[in-house]
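Note sheet for the following structure.
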Amino acid sequence: MLVLALSMTTQAQVPRTQISSDPFTNSIAQHATEVEAATWANGNTIVSIFQQGRFFNGGGASDNGWATSLDGGVTWQHGPLPGLTKNSGGGIYDRATDPAVIFDVAHGVWLVASLPLFNRGAATTAMLVSRSTDGINWGNPVTVSRIFNRPDKTWISCDNNSGSPFFGHCYAEWDDNSQGDLVYLSVSTDGGQTWGPAIEPATNPAIFGAQPLAQPNGTVIVPGADAFDVSIQAFTSTDGGAHWKPPVTVASITLHHANGGLRDLALPTSAMDAAGRVYTVWQDCRFRSNCTANDLVMTTTTDGIHWSAVTRVPIDSVTSNIDHFLPGLAIESGTSGTSAHLGLTYYFYPDAGCTKSTCQLEEGYVSSPNGGVSWTAPTTVAGAMSLSWFPNTNQGFMPGDYESLAFVNGQAFPVLAVATAPSGTTFNVTMQAPTTGLVDGAAVFTSAGDTPVAGAHSDHRARSTPICDRCEHD
1197 MLVLALSMTT QAQVPRTQIS SDPFTNSIAQ HATEVEAATW ANGNTIVSIF QQGRFFNGGG
1257 ASDNGWATSL DGGVTWQHGP LPGLTKNSGG GIYDRATDPA VIFDVAHGVW LVASLPLFNR
1317 GAATTAMLVS RSTDGINWGN PVTVSRIFNR PDKTWISCDN NSGSPFFGHC YAEWDDNSQG
1377 DLVYLSVSTD GGQTWGPAIE PATNPAIFGA QPLAQPNGTV IVPGADAFDV SIQAFTSTDG
1437 GAHWKPPVTV ASITLHHANG GLRDLALPTS AMDAAGRVYT VWQDCRFRSN CTANDLVMTT
1497 TTDGIHWSAV TRVPIDSVTS NIDHFLPGLA IESGTSGTSA HLGLTYYFYP DAGCTKSTCQ
1557 LEEGYVSSPN GGVSWTAPTT VAGAMSLSWF PNTNQGFMPG DYESLAFVNG QAFPVLAVAT
1617 APSGTTFNVT MQAPTTGLVD GAAVFTSAGD TPVAGAHSDH RARSTPICDR CEHD
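Taking my numbering, the leading residue of the sequence shown gets 1197, the next gets one more, and so forth.
Structure below.
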């Protein structure tokens, strides 16, 4: 329930700054488009990585690009990652996708994971990592692995805990869709210059969109969705990534499929507080009668094995007609427990029952100063945007399979794909961030007492094939 009555209405958008643009003109991609940002902050430096020039068929984009602020979001520099694709020069690949970014504190280096792709008909591809000591100047990528036919949904993280026995271990993760989304991880101990062998967790789990998180004691917890999008799974390592334990089932997933032909893979998002508690958020309709719209829901753990009951983020009431999806979670560095400062960005439809021609996509933000006990009222960061303003894919219109934000000095900086009407066949989708960081209002809303609807179930049939963001059949 809500402590105060809350109705979600369209609000004035926050001032935003365009921080990048698609520089490419290659013939078969959709220009000018930028989608799917991953963002991290270290001190006053914010680095965001995203796709530029998205393709319709076969997955990926012309390259992965970067935008970096060295002064806490006041000014930005940007460009494409070098040596990754033929489009940016020096690369052998035709496309790139699924960017992720982390700062390795032990080695003082920024690391960006990318999945490069060949055009159709080509053989084995790779997982690559680009390195930079300042977030501006990037070297040619190094190879993590080159043994898989269809790698998908990479992520990267580092053990940045100085007291950990594995301080400076960095963990690259991906799945192989050609093997039904079997998940693999590789470890670097030298700042991403070299990487160990690809290791499968025990029992060879099929997990999509997994995100490794290293606790202060060195335990790595890796939450993600199972390959058919019916449950949240998690597995762990206690020896620095030498071995990975079998996964546990965290919770079921109960989904309302977003209307309008939106590309929506329903990936979870995870973050960790300074004490090592992991928070995982995903879209879910279990609190809504007849699964008419998704809320964002959350569970937490301190060991990766035992997880809290699923709670609802109280963005609006369970009787509203607002659909929430594609969340991105961050936690302010140094905060934990009942003082953990959570920021959550997401896309939403004000009208869950909209159609392809009427759906208006908006982007929202809420925060919690107390580890999710209570939440602020929502802020509309961008919108309203027609779906046709975004690049199309064989799985629908695409703002990104995930979005992201980072905290600097207690203020949140979401990095968002913002679209305006195309000019002819040329799109106008750029990465933007708030001109000044978002400052929290009063956290007075809680969902304490809300319970899932008895017998809640998804409003669609379960997948018959594993999730794949590059496949024609999904």
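Think of the CB as a built atom: it goes at the ideal place given N, C-alpha and C, for glycine as much as any other residue.
Values in this document were obtained by computation on a predicted structure and should not be read as measured data.
If the criterion is Cβ atoms closer than 8 Å, does the pair residue 1451 and residue 1654 meet it? yes
So is residue 1257 buried or exposed if we call it buried at 16+ other beta carbons inside 10 Å? buried
What does a CB cutoff of less than 8 Å around residue 1209 pick up in its chain, not counting 5 residues either side in sequence? 1576, 1577, 1578 and 1579
C-alpha gap between residue 1529 and residue 1472, whole angstroms: 11 Å
Mapping the DSSP letters down to three states, classify residue 1626 as helix, strand or coil. strand
Whole angstroms are fine: how far does the CA of residue 1378 sit from the CA of residue 1392? 18 Å
Could you pull out every residue in the same chain whose Cβ sits closer than 7 Å to the Cβ of residue 1275, ignoring the five residues on either side in sequence? 1261 and 1262
Should residue 1525 and residue 1475 be called a contact, given that it needs their Cβ atoms to be closer than 8 Å? yes
Cβ of residue 1470 within 8 Å of Cβ of residue 1548? no
Completely contained beta strand (DSSP E) runs for the segment 1471 to 1549, where each covers 3 or more residues: 1474 to 1480, 1491 to 1497, 1519 to 1527 and 1538 to 1545
Give the straight-line distance between the Cα atoms of residue 1423 and residue 1662, rounded to the nearest whole angstrom. 5 Å
Buried versus exposed call for residue 1364 [16 or more other C-beta atoms within 10 Å across all chains shown]: buried
So, under 8 Å CB-CB, residue 1338 and residue 1324 are touching, yes? Tell me the CB distance rounded to an integer number of Å. 7 Å
Roughly how many whole angstroms lie between the Cα atoms of residue 1313 and residue 1664? 14 Å
Assess contact between the segment 1600 to 1616 and the segment 1478 to 1486, defined as three or more Cβ pairs (one per stretch) separated by less than 8 Å. Is contact present? no
Does the count of Cβ pairs from the segment 1433 to 1443 and the segment 1503 to 1518 closer than 8 Å reach three? no
Let me check understanding here. Comparing Cα to Cα, which of 1240, 1301, 1367 and 1512 lies closest to residue 1641? 1512
Please list the segments of the alpha helix (DSSP H) lying wholly inside the segment 1595 to 1621, counting only runs of 4 or more residues, in order along the chain. none
Note the first and the last residue of the continuous beta strand (DSSP E) segment covering residue 1674. This structure gives no information on residue 1674, because the portion of the chain shown stretches from 1197 to 1670.
Examine the Cβ distances between the segment 1342 to 1357 and the segment 1294 to 1301 and report whether three or more of them are shorter than 8 Å. yes
Residue of 1625, 1463, 1229 and 1358 minimising C-alpha distance to residue 1411: 1358
On the CB-based measure, 16 or more other CB atoms within 10 Å of its CB, does residue 1389 come out buried or exposed? exposed
Please report how far the alpha carbon of residue 1518 lies from the alpha carbon of residue 1552, in whole angstroms. 16 Å
Rounded to whole angstroms, how far is the Cβ of residue 1244 from the Cβ of residue 1233, which I believe are closer than 8 Å? 5 Å
Roughly how many angstroms lie between the CA atoms of residue 1283 and residue 1211, to the nearest whole one? 32 Å
Exposed or buried, residue 1273, counting other C-beta atoms within 10 Å across all chains shown (16 or more means buried)? exposed
Report back the beta-carbon spacing between residue 1563 and residue 1583 to the nearest angstrom; my notes put them in contact at under 8 Å. Contact doesn't hold; Cβ gap of about 27 Å is too wide.
Output needed for residue 1200: all residues of its chain with C-beta closer than 8 Å, excluding positions within five of it in sequence on either side, in chain order. Summary for residue 1200: the model assigns pLDDT 35, below 50, so the residue's position carries little reliability, and this model does not support an answer.
Tell whether a beta-carbon distance below 8 Å holds between residue 1559 and residue 1546. no
Inter-residue CB distance, residue 1573 and residue 1637 (contact presumed, cutoff 8 Å): 6 Å
Proximity of residue 1387 and residue 1405 at Cβ, strictly below 8 Å: no
Quick check on residue 1644: does DSSP put it in helix, strand or coil? coil
What is the residue span of the beta strand (DSSP E) that residue 1636 lies within? Note, residue 1636: premise wrong, no beta strand (DSSP E); not H, not E.
Using 8 Å as the threshold, is the C-beta distance between residue 1271 and residue 1249 below it? no
In the structure shown, what three-state DSSP assignment does residue 1583 receive? helix
Exposed unless 16 or more other CB atoms sit within 10 angstroms - verdict on residue 1428: buried
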